[in-house]
Every structure is written in structure tokens, then in C-alpha cells.
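Sequential numbering of the sequence shown, starting at 259, is according to the working numbering. The C-beta atom is built at its ideal place from N, Cα and C for all residues, glycine as well. Predicted model only: the values in this text are computed from it and were never measured. To start, the structure under review is shown below, and the notes come after it.
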Amino acid sequence: MGNSSSYENDIPELCQFDAGMLAQLYGSGDVSPVEVTHACLERASDVQKRLNGFTFLDADRALSAAKASEVRWRAGEPQSPIDGVPTTLKDIVHVENWSVRYGSTTTETAPFSQDAPAVAGLRKAGAVFIAQTTMPEFGWKAVTDSPAFGVTKNPWNTNLTPGGSSGGAAVAAATGVGALHLGTDGGGSIRVPASFTGIVGHKPSFGRVAAYPPSAFGTVAHIGPMTRSVRDCINMLDAMTGRDLRDWTQPCFEFSQLRSEPIPWAGRRVGYWKAPVTGKLSAEVAGTVDGVVQNLIAAGAEVQEVTLPFADDLLEVFYRHWYVGAANRLSGFPESVLESVDPGLVKAADVGRRYSAVDRIWAEVRRAQFGAEMDSLLSTFDVVLSPTVAVLPFEAGREVPADSDFESWIEWASFSFPINLSQQPACSIPVGFSREHLPIGIQVIGARGDDAVVLRAGLAIEEMCQSTFLKPGSRWPG
């Protein structure tokens, strides 16, 4: 384990409950939202010293919100199943009375006057906002370190990265700092840290959660839940889902409430995507995911190996979206300001500026072709499964593993970024550990708009793996 910290024995009991259990305890009166919020705030202070997962804690407002929730539960009038549940928000979404720094020293510190749509949905549901979580500068990469807040560490081994860009949210979830955590995902930023820290992370269908203000990186960016159980993901996503007229890119599909029972595998058609778009797949990751797939076959699933359409073009298609987005994000920054920006982001923006309009339109057209082929593929299969990440967690403070041939994070995240291009729902479920006790996740991908099937499949996988991975206490780092 190297320089790992032991967390298993020191996690307060109140921090170990998921949102579903908290609702039961609140309803019975056995536990108060105020008690739980106090415990989570104390836990956050401890975790911050060791892992650096937060930009700040909002104790006063959190306790005020918890007291209001306590009154509602005592009156038998909770606002939702997540009323009173401690929740963290990533340093990228606007929150009333909070400043949002985007992990950057270049941003304003003045607080915002209005919640982003996802935050407003959670607030209306009664969620208690306890802390803001760390991210890399402007969310540009799939690890978490920033000029403003430093390096965030993985709770399973503090020498390693928790992934990113929602790395702070993943740390909070994995260590019991609240039950619900808001992340964003432009190329794997929910799913990568979910896999690296052993939690559940769901990238919804594009538009299911409204985005405002628009992302500088365009329509590859999604907003979604990060939790310790699939059911918590479902309840959190329900609270965030809905139409918001400030988001012009939002598709107008039905936002029906999600169901929360596992799918039966007998007769289900499952695609198995085994080959990353670029680079090699870790043998330990491959073996763990293969084992899950074999269990699904034994349960009656019809599994067929699949390859992605236009696989040879996808890396370049994503580069032309993501690096142009980086150039857009830094446009107008004077040279003196750029000196304080993450050098990797500056380099990505420089590449983006060199693409021509024709280069970008080619990427848009190829993306449309790829998306149509993916829609066709998911009309054939109920879900497609893959490893979430091709590699295991590696040294914190690096963009790529030291012993690899990868030149950018995008290359080792090639099981995730294609699904941002196609805008389909994808959920990472923890399914096992490496020999060095590092978490491994499986990715469940579904048709656009079909988050319900993805999450019900996630429930079934979670249930299947429970005997080996998700026993109470076993998912805690240590």
C-alpha cells in the first residue's frame, strides 16, 4: 500500500450511512440531520488534512440547513428522499453565496447570487451543502491538482491520484464525507475518479441535467452524481433532473422518475467493449472485468464482443473538441496571467488555437457519424459494458503514468471520452481490487435517454458483486 492512510477504524458511524439509510433513520427519529451534518463536517476536517479534497467547508450554512431539515422530518414533511443528506458540490458549479474558483488563481472570489440548475434542484430537495470539492484548473484533465488548491490524493494510497477532474468529490464519497456528491464529466471526469476510488459515478445522458452557464468545452460536458451506492445515484439524479430554459442545448425528452430495481440478466443482450481506443489495457483491470462478464453470462445474459465505430478517428475527434475548448477557456487571458495557469492547460490551448475552422467542422461531422453509429449499436444491445479506465491509479501530481507511453490524460481515458462524444449515459460501478488493493470499476453504457436501464443494470452488478466488494465496511479505504 505504500504511504497509505488507514481509514477503516476511524470513520464515525454516522458517516457510513448512505442516503437511503439516512432517510429511514430521519423518518424514525433515531438520527437527526443536525447530528449527521456535525459528524460529516468533523470528518471533512480530518480528511482535508490528509487528502486535500476540499476548497472550503460551509459549516454555518450547512448546520442551518440541517436544522430546517430536522423540523421537516419531525413534522413528517420531508421535501424528498434526500432531505437533510450532507452533500458536496464541485468547484465548477455556481452556488448561491459561494465563490467558485474553477481550481484557478485567475478567477474572481466574489460569491454568486444564483444557483446553477443542478444545485437548485438539490437545494429544493433539501440536500445540505457542506463543502466544495477540488478539481484541476478549469476541469481540463482527468487528475486533480491545481495552482489554486494543490494536489488531491487517493484515500486508498496517498501517493496516488484519485483521478479527476471530479477528484475531490470522489475523495469525499470514498471517505464518508457526506453521501451525495455533484461532479461534472467532459471526458471521464465523473467515471475516472469513481473507478480510482471505488465509488459509483454516473454520467447522465446529455441534457438530462441542465447546464448553466454553458461549459467552455461545449456539448461534451455533462453534470451528474457521485455516491457510494447506485440507489443514491438514482435519488440524487432525480433531484437534479429537469428542464431549465437557460440551457438551450438541452434535448426535450421526457424526464420520468427513475426506477430502482435491478434488471434480470436472463435474455439480456450485452455488448462487451474490451479494447481501449488507444494504449494498452491493464491485465488486472481486464481480468477483473472479465470475471464480472462471466458472471453475467452465468446469470443468462447473451454477451457479444463489440468494437467502437470510427475507433481510429476518435482520439483526434476528441482532441479537436477538447483542445479548442481549452483555447476558448483561456481566450483573452493576457500573457502575464497565463504565467500562473497550469502549463499543461496552456499547452492544450496552444494546440487548440492551431486547429482551423475546417479542422473543427471535420471533427463535428465525424462526431455526428460516430454518434449515429453508437445509437444504432445501442438499439441492438440493452447495454454495453467495458472497463471504466484502462489503467490503475498512478502517482499523484502527474498527468500520465510514469511508466507509460501516453502523452496526455485523454489517451489513458479512452474508455470514457468516446461516450462524451456520443452523449450516452454511462455509469462506473466498483467491482473489485488490484493485487495492491486499488479499486477497479466496470462501465455500463446505454442508449441516449435510457439512464434508467443503465442504473438498473448498475444495481444488478452491485448486487452481484456485493459478496466480494460491497459488504458494509469493506468499501472504506484502509
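> So G456 and P688 are in contact, right, with Cβ under 8 Å, and what is the actual spacing, rounded?
Replying inline: Walking along the sequence shown from the start, residue 456 turns up at place 198. Walking along the sequence shown from the start, residue 688 turns up at place 430. Their Cβ separation, rounded to whole angstroms, is 4 Å, which keeps G456 and P688 in contact under 8 Å.
>> Quick check on L643: buried or exposed, where buried means 16 or more other Cβ atoms within 10 Å of its Cβ?
In response: Translated into positions along the sequence shown, residue 643 becomes position 385. Buried.
> Where does the unbroken beta strand (DSSP E) through S644 begin, and where does it stop?
Replying inline: To locate residue 644, count along the sequence shown from 1; it is residue 386. It spans 641-645 - the beta strand (DSSP E) in which S644 sits, taken as one unbroken run.
> Using CA coordinates, which residue listed in G434, T365, P413 is at the minimum distance from P405?
Replying inline: For the purposes of this step, residue 405 is taken as the residue at position 147 of the sequence shown. Of the listed residues, the one whose Cα sits closest to P405 is T365.
> Which class does R527 belong to by DSSP, given the choice of helix, strand or coil?
Replying inline: Here residue 527 refers to the residue found at position 269 when the sequence shown is read from its first residue. The answer is strand: DSSP assigns R527 an E or B state.
> Just to confirm, are V386 and S290 a CB contact at a threshold of 9 Å?
Replying inline: For the purposes of this step, residue 386 is taken as residue 128 along the sequence shown, with counting starting at 1. For the purposes of this step, residue 290 is taken as residue 32 along the sequence shown, with counting starting at 1. In this structure, S290 does not lie closer than 9 Å to V386 by Cβ.
>> Looking at the secondary structure, which residues open and close the alpha helix (DSSP H) in which M722 lies?
In response: For the purposes of this step, residue 722 is identified with residue 464 of the sequence shown, where counting begins at 1. Taken as a continuous stretch (DSSP letters only), the alpha helix (DSSP H) holding M722 covers 709-723.
> Which value, in whole angstroms, describes the spacing of the CA atoms of V409 and G278?
Replying inline: By one-based count along the sequence shown, residue 409 stands at place 151. By one-based count along the sequence shown, residue 278 stands at place 20. Taking the straight line joining both Cα atoms gives about 32 Å.
> Excluding the five sequence neighbours on either side, which residues of its own chain have a C-beta within less than 7 Å of the C-beta of A671, listed in chain order?
Replying inline: Locating residue 671 in the sequence shown gives position 413, where the first residue counts as 1. So the qualifying residues of the chain are A400, G445, G446, V450, V647.
> Cβ of V467 within 9 Å of Cβ of L495?
Replying inline: Mapped onto the sequence shown, residue 467 falls at position 209. Mapped onto the sequence shown, residue 495 falls at position 237. Yes. Within cutoff.
>> List, from N- to C-terminal side, the beta strand (DSSP E) runs of 3 residues or more that fit wholly inside the region 634-712.
In response: 641-645, 684-691, 697-703
> Name the DSSP bridge partner or partners of L347?
Replying inline: For the purposes of this step, residue 347 is taken as the residue at position 89 of the sequence shown. Q390, L440, per the DSSP bridge assignment.
> When you compare only the Cα positions, how much space is there between A556 and Y530?
Replying inline: Position 298 of the sequence shown, counted from the first residue, corresponds to residue 556. Position 272 of the sequence shown, counted from the first residue, corresponds to residue 530. Distance between the alpha carbons of A556 and Y530: 15 Å.
> Going by DSSP, which residues form a beta bridge with H480?
Replying inline: Taking the sequence shown and counting its residues from 1, one reaches residue 480 at position 222. Beta-bridge pairing links H480 to D443.
> Going by alpha carbons, who is nearest to L440 out of R381, F454, T416?
Replying inline: What you label residue 440 is simply residue 182 of the sequence shown in a count that begins at 1. It is R381.
> For S453, does the three-state DSSP call read helix, strand or coil?
Replying inline: Start at 1 with the first residue of the sequence shown, and residue 453 comes out as number 195. Reduced to three states, the DSSP call for S453 is helix.
>> Let me check one thing: in DSSP terms, what residues is N493 bridge-paired to?
In response: As a first step, residue 493 must be located in the sequence shown, where it is residue number 235. None; N493 has no bridge partner.
> So, helix, strand or coil for G278, using DSSP?
Replying inline: Taking the first residue of the sequence shown as 1, we reach residue 278 at position 20. Three-state result, G278: helix.
> To the nearest angstrom, how far is it from the Cα of A317 to the Cα of H460?
Replying inline: Against the sequence shown, residue 317 aligns to sequence position 59. Against the sequence shown, residue 460 aligns to sequence position 202. Their Cα atoms are separated by approximately 27 Å.
> Is R587 near A559, with beta carbons less than 9 Å apart?
Replying inline: Here residue 587 refers to the residue found at position 329 of the sequence shown. Here residue 559 refers to the residue found at position 301 of the sequence shown. In this structure, A559 does not lie closer than 9 Å to R587 by Cβ.
> Pick from S598, E622, S589: whose alpha carbon is nearest that of V609?
Replying inline: In the sequence shown, the residue the question calls residue 609 occupies position 351. Selected option, being the one with the closest Cα: S589.
>> Only counting the same chain, and skipping five residues up and downstream in sequence, which positions put a Cβ closer than 6 Å to that of V435?
In response: Here residue 435 refers to the residue found at position 177 of the sequence shown. Only C298, R301, A302, V305 meet the Cβ criterion.
> Expressed to the nearest angstrom, what Euclidean distance is found between the alpha-carbon atoms of Q724 and A718?
Replying inline: Taking the first residue of the sequence shown as position 1, residue 724 is located at position 466. Taking the first residue of the sequence shown as position 1, residue 718 is located at position 460. Their Cα atoms are separated by approximately 10 Å.
> Any idea if H695 is buried or exposed, counting beta-carbon neighbours within 10 angstroms, 16 or more meaning buried?
Replying inline: Sequence index remark: in the sequence shown, residue 695 carries index 437 (1-based). H695 is exposed by the Cβ-count criterion.
> Just checking, does the region 567-587 make contact with the region 598-615 on the three C-beta pairs under 8 Å criterion?
Replying inline: yes
> Considering only residues of the region 307-384, which uninterrupted beta strand (DSSP E) runs meet the minimum length of 3 residues and lie entirely inside it, listed in chain order?
Replying inline: 312-315, 344-348
> From G379, D403, L347, S322, pick the residue whose C-alpha is nearest to that of E657; which is it?
Replying inline: Your numbering for residue 657 matches position 399 in the sequence shown. Nearest option by C-alpha distance: D403.
>> Mapping the DSSP letters down to three states, classify T726 as helix, strand or coil.
In response: Here residue 726 corresponds to residue number 468 of the sequence shown, with the count starting at 1. Low confidence applies to T726: its pLDDT is 46, below 50, so where it sits in the model is not reliable, and the reading given next is rough at best. T726: coil per DSSP, three-state reduction.
>> Do P645 and Q701 have their beta-carbon atoms positioned less than 9 Å apart in this structure?
In response: Within the sequence shown, the letter at position 443 stands for residue 701. Within the sequence shown, the letter at position 387 stands for residue 645. A contact, by the Cβ cut-off of 9 Å.
>> In the DSSP output, which residue or residues are listed as bridge partners for E560?
In response: Residue 560 sits at position 302 when you count from the first residue of the sequence shown. DSSP, once it has assigned bridges, lists R527 as partnering E560.
> What distance in whole Å lies between the Cβ atoms of A281 and P213, which are believed to be in contact at a cut-off of 8 Å?
Replying inline: Lying outside 259 to 736, the shown extent of the chain, residue 213 is not represented and no answer is given.
> Under 9 Å between the Cβ atoms of L283 and T346?
Replying inline: The residue labelled residue 283 in the question sits at position 25 within the sequence shown. The residue labelled residue 346 in the question sits at position 88 within the sequence shown. Going by C-beta atoms, L283 is not nearer than 9 Å to T346.
> When the distance is taken between beta carbons, is S463 closer than 9 Å to I350?
Replying inline: Taking the sequence shown and counting its residues from 1, the one referred to as residue 350 is at position 92. Taking the sequence shown and counting its residues from 1, the one referred to as residue 463 is at position 205. In this structure, S463 does not lie closer than 9 Å to I350 by Cβ.
>> Among A533, S598, G545, L636, whose alpha-carbon lies nearest the alpha-carbon of S674?
In response: Here residue 674 refers to the residue found at position 416 when the sequence shown is read from its first residue. S674 has its Cα closest to that of A533, out of A533, S598, G545, L636.
> Terminal residues of the continuous alpha helix (DSSP H) containing K461?
Replying inline: Counting from 1 along the sequence shown, the entry for residue 461 is found at position 203. Not the alpha helix (DSSP H): K461 falls in the beta strand (DSSP E), residues 458-461.
>> Let me make sure I understand the geometry here. Which of L272, V575, C491, A428 has the alpha-carbon closest to that of G311?
In response: Here residue 311 refers to the residue found at position 53 when the sequence shown is read from its first residue. Out of L272, V575, C491, A428, A428 has the C-alpha closest to the C-alpha of G311.
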